[in-house]
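Engineer:
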Amino acid sequence: TVSMDEKSSHTYIDRELSANLDSTDAFEGPEKLLEIWFFKNANSIPPKSKTLRSIEFKIWVRLLQLVKCQVLSMKQTEKMDAFLLSE
Amino acid sequence: SSLFVFDHKLTLKTCGTTTTLFCLEELFRTVRDHLGWNFCLQGKINPYKVFYSRRCFMFPKKQQGIHQNWDDETHYLDQFFSKGKSYLVGRLGQTSHWNLYVTETNKELEAQYGGTNEEEDDETLEILMTGLGPAKAAQFVTTREPGQPVESDGEDEGHDLGFRVTQQTQLDQVYENVKNVSFQQDAFAFTPCGYSSNLVLDHEYFYTLHVTPEVGWSYASFESNVPVRDMSCGTQDNVNVMERVLGVFQPSDFCLTFFSRDFANDNFDKLGKHTQNLSNYIRRDKIVYDLDDYQLLYLRFERK
């Protein structure tokens, strides 16, 4: 279910996933942490180029499927998009 | 699990049996096709910097594919990146040791587009805790059942409970927001148990928590890129942040890692010096790594 919810303070929330998610088998605590700096900072991005934040939401959803994660909710701020994921 | 996307970088932190590295090929194809960012050089990909790390797993055989084994993960990463180095952080044989893969900084990219040469500090504090205090772990167990019907205008119970857990545990008060900057939180209480939250300060700094409270393998992680000194106008340091986080979880063991780009970062010294005599914990290991243009502090503690 992918739908934008304007009513909450979230930019996006998946109520159906939220209601049905079952963590019973999520036995492993330690996380895998991947951090990729494409450029040193936002000022180093090529002039007139789009940025990571211009990649459409549905593309992030598809990328995260490869990781076996679904998007529970997302909040956008002026400088960052923060996704809360299943698992 | 959490994903943070900035204009120029992303951080993906995933729990359980996720397959984090399997997004790499599609991710670099996406940035090439959608943004025109092509980092290919002689068959390898060479972005500014890549970090991949994880603590050793509690149940490695339940992981999927390459994630069962650090050597396989490293081999996989080496297929993408040409200048990667792999490190074991901590003591070999300890179940709490940590693995890190980091690529050499692509400094040519830095100069290519005339970005600022100003050296900004970048710091990341991570605290990985096991053996949570039973009463503390119980705060992250819920009684609701999965599969309740979804009401179109109804409350989202998982987020609502997550919000309340954040408040009750005071995880929203880890940092002194003396500058009174914007503060946003997004938390979720899993059912029957577990908790994840993203907390964002000043639109660009985050801390994130993930908790699996099950007895026998309870675990909590805290990761932050918040510049504590700046945010608190000098009233707080990372030793204080660590103490607040430990107070929420009261773990039997924990390890702390602190990355800093600035070699003069005062939290690096404070964490190294002022954690020697914590009231409830004995420091078992302190190791400093010099990683290209970053320094890494690793500390491991056990409850007295």
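Going down the list, the protein sequences come from chains S and Z.
Residue numbers for the first sequence follow the working numbering, so the first one is -8 and each next one is one higher.
Residue numbers for the second sequence follow the working numbering, so the first one is 306 and each next one is one higher.
Glycine included, every Cβ here is placed at the ideal spot set by N, Cα and C.
Bridge partners of residue 316 (chain Z), per DSSP?
Structural biologist: As a first step, residue 316 (chain Z) must be located in the second sequence, where it is residue number 11. Residue 316 (chain Z) pairs with S:26 and Z:309.
Engineer: Residue 515 (chain Z) touches chain S at which residues, Cβ-Cβ below 8 Å?
Structural biologist: As a first step, residue 515 (chain Z) is located in the second sequence; it is residue number 210 there, counting from the start. Chain S residues near residue 515 (chain Z): 20 and 22.
Engineer: Which residues mark the beginning and the end of the beta strand (DSSP E) in which residue 508 (chain Z) is found?
Structural biologist: Working through the second sequence from its first residue, we reach residue 508 (chain Z) at position 203. Element bounds for residue 508 (chain Z): n/a, residue is neither H nor E.
Engineer: What three-state label does DSSP hand residue 607 (chain Z) in the structure shown?
Structural biologist: Residue numbering aside, residue 607 (chain Z) sits at position 302 when the second sequence is read from its first letter. Three-state result, residue 607 (chain Z): strand.
Engineer: Taking all protein chains shown into account, do 16 or more other C-beta atoms lie within 10 angstroms of the C-beta of residue 53 (chain S), making it buried, or fewer, making it exposed?
Structural biologist: Locating residue 53 (chain S) in the first sequence gives position 62, where the first residue counts as 1. Residue 53 (chain S) is exposed by the Cβ-count criterion.
Engineer: Alpha carbon to alpha carbon, how far is residue 39 (chain S) from residue 352 (chain Z)? Give it in angstroms, no decimals.
Structural biologist: Along the second sequence, read from residue 1 onward, the residue named residue 352 (chain Z) stands at position 47. Along the first sequence, read from residue 1 onward, the residue named residue 39 (chain S) stands at position 48. If you take the alpha carbons of residue 352 (chain Z) and residue 39 (chain S), they lie about 19 Å apart.
Engineer: Between residue 525 (chain Z) and chain S, is there a C-beta pair that is closer than 9 Å?
Structural biologist: Your numbering for residue 525 (chain Z) matches position 220 in the second sequence. Closer than 9 Å to some Cβ of chain S, the Cβ of residue 525 (chain Z) qualifies, so yes.
Engineer: On the DSSP letters alone, give me the boundaries of the beta strand (DSSP E) that residue 389 (chain Z) sits inside.
Structural biologist: Residue mapping note: residue 389 (chain Z) aligns to position 84 of the second sequence, counting from 1. Element bounds for residue 389 (chain Z): 389 to 394.
Engineer: Compute the Euclidean distance between the alpha carbons of residue 497 (chain Z) and residue 349 (chain Z), then round it to the nearest angstrom.
Structural biologist: In the second sequence, counting from the first residue as 1, residue 497 (chain Z) sits at position 192. In the second sequence, counting from the first residue as 1, residue 349 (chain Z) sits at position 44. One C-alpha to the other measures close to 43 Å.
Engineer: Pull up the CB-CB distance for residue 29 (chain S) and residue 307 (chain Z), whole angstroms please, since I reckon it's below 8 Å.
Structural biologist: Taking the first residue of the first sequence as 1, we reach residue 29 (chain S) at position 38. Taking the first residue of the second sequence as 1, we reach residue 307 (chain Z) at position 2. Actually they are not in contact, since the Cβ atoms of residue 29 (chain S) and residue 307 (chain Z) sit about 19 Å apart, beyond 8 Å.
Engineer: Should residue 595 (chain Z) be labelled buried (16 or more other beta-carbon atoms within 10 Å of its own) or exposed?
Structural biologist: To locate residue 595 (chain Z), count along the second sequence from 1; it is residue 290. So residue 595 (chain Z) ends up on the exposed side.
Engineer: Does chain Z have any CB closer than 9 Å to the CB of residue 49 (chain S)?
Structural biologist: Position 58 of the first sequence holds residue 49 (chain S). The beta-carbon of residue 49 (chain S) is placed no less than 9 Å from the nearest beta-carbon of chain Z.
Engineer: Is it true that the region 364 to 371 of chain Z meets the region 397 to 416 of chain Z, where meeting means three or more beta-carbon pairs spaced less than 8 Å apart?
Structural biologist: no
Engineer: Could you check whether the region 54 to 61 of chain S touches the region 391 to 401 of chain Z, counting it as contact only if at least three pairs of C-beta atoms, one from each stretch, sit closer than 8 Å?
Structural biologist: no
Engineer: Would you kindly report the start and end of the unbroken alpha helix (DSSP H) that includes residue 58 (chain S)?
Structural biologist: Position 67 of the first sequence, counting from 1, holds the residue named residue 58 (chain S). Here the alpha helix (DSSP H) through residue 58 (chain S) covers 48 to 58.
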